[in-house]
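See below for the structure under consideration.
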Amino acid sequence: MLRTIQQALEALIGQELATRGWENLARLEVPPHRQWGDLAWAGALPLAKALRQPPRLIGEQLAQALGARLAQEQEGSALAFLHPQVRVDGPGFLNFRLKRGAVLAEALRADPWQRAPRGEKIIVEHTNINPNKAAHIGHLRNAVLGDVLVRCLRFLGYPVEVQNYIDDTGVQVADVVVGFLFLPEEELVQATAATWPGLASRQQILAELVQRWEQGGLLVPANPEADFDDLCWDLYPRVTRWYEENPQGLARRGQVLHALEAGPPTGITLRQVLAELATGHPSDGALACLGMVVAEANLRCHLHTMGELGIAYDVLPHESDVLRRGLWQRAFELLRRCGCIHQEKEGKNAGCWVMPLAEAPEFAGLAEADKILVRSNGTVTYTGKDIAYQLWKLGLLWDEDGSRCDFGYKPFARWEQAGPAAPVRYGQGPRVVYRTTAEPHPYTEVSFGGGRRVFNVIDVRQTYPQKVVREAVRALGFAEAAENSVHFSYEMVALTPKAVHQLEASLGISFGLLPEEEEKPFVEMSGRRGIGVKANALLRTLREEAEKAIRGRLASGQKPQALQERAHAIAVGALRYQMARQGRNRVLAFDFADALAFEGDTGPYLQYAAVRTRKIFDKLHQAGLAGSAEADGQAVEGMEVPDDLWELAFGCLRTQEVVEKAVASLEFSLLTGHARELAQAFSNLYHRYPVLHAESDQARCLRRAVFRLFSRTQELILEELLGIPIPEEM
RNA sequence: CUGCCUGUAGCUCAGCUGGAUAGAGCAAGGGACUUCUAAUCCCUGGGUCAGAGGUUCGAAUCCUCUCAGGCAGGCCA
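Residues in the first sequence are numbered consecutively from 9, following this note's numbering.
Structure representation (C-alpha cells):
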C-alpha cells in the first residue's frame, strides 16, 4: 500500500512540474528522521540552478500547490492518506506526512503486500556441490543466498524454478572412485575408520558400501545420520596426496573419468560390480556404476543437509545427461553453424574446438583470447557443457524437427515441509524433486527449463567461465537471453588461521599451514587438503550450544519443552542470518566465536523479538483482551500515533520496497538490516510500553495494533523470506 | 602484465539508483529483572569513510590517479 501512495504522489508531483514546464524530477525518497515526515522530494535543489531561483522558493510554490491538490482528495484514494500540509525544510526539501491512524488501519484491514503474480518463469540455480564429499560452510553460503533469492522472488510474485546442478562425471567424483579401488589398502582403511569403524580390508569396505546401498543405508531418510559424505571427506584428500607421491596414479583417474563419461551399462547390478571389483581389474562399466553410486549417495547427503536448513529444489539436472540426452551435441551444432567456434589446426590448441573471445569487449586485455570447449581428445570441458545447460535453461535448444531438445525426467525423492522455514523432510510427502535422465521424457506432467531469466549462484572465482557462457549465448544471436543470464556472484567463505587451529585441535590432526598462510587474515578452504568446516558438523555444534543456552535460562527443576525443535530453530536462525547479513562481495572469514554468537546482531536476536510478540498476544488472549485486527484498525483510524510507535509501523510497511531493492541489487544484507532495525525498534518499545497492563484501553489498542503489524511483518521476513524459523519459546 | 572485487569506530560489518546530523553488533564503563521471557533495554566514550585530485547546490556513494589486500585470466571446475 505504501508503494501505491508513493506512486500516486510521484504522479501528482509530475503533473505540477509539467504544468510549470519544469524538468520532471518526481522521484520520492524517505527522510532520514521520521519527525521530518514520511516521504520527501528533493527535486527543488537541482531545479534551482536551471530556474535561477532559490530552492526554498521553488519548494514553497510547489508545497502550496500540492497541498491544495491533496486537500481536495476524496476518501478512499491513495493520496487521501497524505496530510495536506506540506513542509519545506532544510535547503528546500519537501516533506510529506502520512495520516498515521488511517494508514495503520488500512494495513491491518488487508495484507499490506502486493502479492499479485507477475512476470515469466525465473530459474535459480544454486548449491551445485560436487557430489564427492560432505558440504562445507562455503556451500552453505551459496545455498542460503540462492534460497533467499528464491524466496524473495516468489514473494514478489514471480514463478520460480530451483535447480541444483550435479557434476556427476567430473574429476572429483572420479578421484573418490580411485580412492575406493586403487588407493593403497592401508590408506583406504584409515580413511574409512572414523565413519565406518572395524573394516580391515578393501574387500570389506566395498562389501559394506554395497550392502548399505542395497539397504538404502547410504540414503536419507533410512539413515538420518547419513554419513557417506563424511567418509568421502576423509578419503578424498588422501587420494590427492597419493597422486602427488605417485604420479602414475593419475592414469587411474583418466581411466575412471573416461568410464564416467561413457556411463554405466544398463542392467548391471551393484552385486555384479562388487564381484568384478574384487578381481582388481574392473571393467569401465563397473567403474561407472561405482561412480554413479558415489555421486548419488553424496547428493542424498547434501539434500538432507540443506533440508535441515529448509532448502529444497525442484529439479536436479545431471551433467551426465547433458551429454547422453544430446543437449551438448545440439549446442555444439548451433555454435559450429553460427561460426562461433572452430577447430584449431595447429599451434598449442591443435585439435581443440575453441570459441574466440578477442572480439568481445568484456574480454579485453586477455592474454589467452580463446576458450577451449572440446579438448583435443574429443571430450567436452565443463564450460562447454555449461553452455548447453544454459541454453536449455533459457529455452533455446531445439531439435531439427522443431521440438524442444530436453532431458528425460524421473522422480528422485518425495518431500514435505511443515512450514515456510521448517526442515525439508525427504522420503514421503506431497512434493517431489525430479532428476534428469538419459532416457526420453517419461513423465509428461513435468516440465523444466525455458526460463525468461536465469540466476546462476556461483562464487566470484567462476566469473570468467560464467562470462564465457554468457558470451556464447550472445554470439548465437540471443542478445536478450544473454542479458537475462545473471551470474549471482559472491565471495568465498574462508577460515581465519585461528579457526583452522581450532579445527586441528578438535580433529587431532594437522593441516600443515605454511608460514605465509599463518600471516594471512584468512585461509581458503580446500577439499583437496581436507581443510574446511563441514556444514553438518557446524549445525550440530550450533544445536548443542543452543541447547546449553536454553537449559541455562531455565529455573532449577524446570524441564525444557520441545528442546530439540527449539535448539534446531535457533541453530538454523544463527546460521542463515550469518550467511545472509554479509555483503556478497566480501570474503566471509569464518570464526567460531562469531558463528556461535546468539546475542546482538544475530538471527536469535530477531527470533527473540518475534517470540516476545507472540507471547504478548498469547497473554492478551488468555486475559480476553486480544481484540482483532479489524476492530483495532477501526479504533485506531482517527487516533494520533506518536513518533516512536509510528516509526515501527512505517518501517514494517517499507518491507516490500526493501525486498525489491534487495533483489534488484542481489544484496540481502539490506533485508537482514531492515529486519534488525524493526526488531530493535520493537525491543525498545517492548520495554517502555506494556500492552497487557496498559494504562488505558486506548493505549492498549494502539500498541496492540502496531505490534500486530510488526508480528505479521517479522513472520514474513524471518520465516518466508529469510527461511529463519521462529521457535515456540526461547 | 590485464581485468574484477575490497579498504568505513580497537574488532566484525551495514550504509538502497548522490540528499538533510555516517549507523549496528562485539569489546570497555555505568544503569534497569516482585512487571507481556534480561538471548533484552537505556546511558557513556570511540570516525582523516585508505590517500590525492575532480564533477556537483550537495560525495562514504560518481570519475581519474596512487597505495594496500584478495581473486581471476587451465585441454580443472
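Virtual Cβ for every residue (Gly too), placed ideally from N, Cα, C.
Within the same chain, Cβ atoms closer than 6 Å to the Cβ of residue 218 are found at 278 and 282, the five residues on either side in sequence being excluded. Around the beta carbon of residue 483, a 10 Å sphere encloses 16 or more other beta carbons of the protein chains shown; the residue is thus reported as buried.
Relative to residue 131, the option among 704, 157, 10 and 138 whose CA is nearest is 157. With a 10 Å radius around the Cβ and a threshold of 16 neighbouring Cβ atoms, residue 592 comes out buried. Rounded to whole angstroms, the gap between the alpha carbons of residue 387 and residue 469 is 24 Å. Counted as a single uninterrupted DSSP element, the alpha helix (DSSP H) harbouring residue 719 occupies residues 705-723. Between residue 476 and residue 320, the C-beta gap is not smaller than 8 Å, which leaves the two residues out of contact.
Nearest in C-alpha terms to residue 191, of all of 242, 238, 154 and 206, is 242. For residue 415, there is no enclosing alpha helix (DSSP H), as DSSP marks it with neither H nor E. Taking a cut-off of 8 Å for Cβ pairs, the region 575-586 and the region 613-631 touch, as three or more such pairs fall below it. Following the DSSP letters along the chain, one finds residue 467 inside the beta strand (DSSP E) bounded by residues 461-467. Collapsing the DSSP output to three states places residue 549 in a helix. In the structure shown, the three-state DSSP call for residue 624 is helix.
Comparing C-alpha distances from residue 455 to each of 466, 464, 442 and 446 shows the shortest one belongs to 442. In the structure shown, the three-state DSSP call for residue 472 is helix. Here DSSP, grouped into helix, strand and coil, assigns residue 66 to helix. Excluding residues up to 5 positions away in sequence, 349, 351, 381 and 382 lie with their Cβ nearer than 6 Å to the Cβ of residue 361 in the same chain. Across the set 145, 151, 124 and 594, the C-alpha of 151 shows the shortest separation from the C-alpha of residue 136.
By the Cβ-count criterion, residue 379 is buried, with 16 or more other Cβ atoms from all chains shown falling within 10 Å of its own Cβ. Excluding its 5 nearest sequence neighbours in each direction, residue 540 has C-beta neighbours in its own chain below 6 Å: 144 and 533, listed in chain order. If you draw a straight line from the Cα of residue 200 to the Cα of residue 690, it is about 51 Å long.
Within the model, the alpha-carbon separation for residue 625 versus residue 674 is close to 35 Å.
When the beta-carbon positions are compared, residue 602 and residue 684 stay at least 8 Å from each other. Proximity of the region 318-332 to the region 167-174 meets the contact definition, three or more beta-carbon pairs being nearer than 8 Å. At a Cβ-Cβ threshold of 8 Å, residue 81 and residue 88 count as neighbours. Between the alpha carbons of residue 665 and residue 303 lies a distance of about 42 Å. Within a 10 Å sphere around the beta-carbon of residue 356 sit fewer than 16 other beta-carbons, which makes this residue exposed. At a Cβ-Cβ threshold of 8 Å, residue 575 and residue 558 count as neighbours.
Pairing residue 308 with residue 272, the inter-Cα distance amounts to about 20 Å.
The C-beta separation of residue 734 from residue 723 comes to about 7 Å, placing the pair in contact by the 8 Å criterion.
With respect to residue 359, residue 182 sits apart: the two C-beta atoms are not nearer than 8 Å. Distances from the CA of residue 688 to each of 667, 700, 652 and 698 were compared; the closest alpha carbon is that of 652.
Here residue 369 is not bridged, per DSSP, to any residue.
The residues 96, in chain order, have a CB closer than 6 Å to that of residue 68 in the same chain once the five nearest residues on each side in sequence are set aside. Three or more Cβ pairs drawn from the region 637-644 and the region 112-119 lie within less than 8 Å of each other, which places the two stretches in contact. Taking the C-beta atoms as reference points, residue 655 is found nearer than 8 Å to residue 42.
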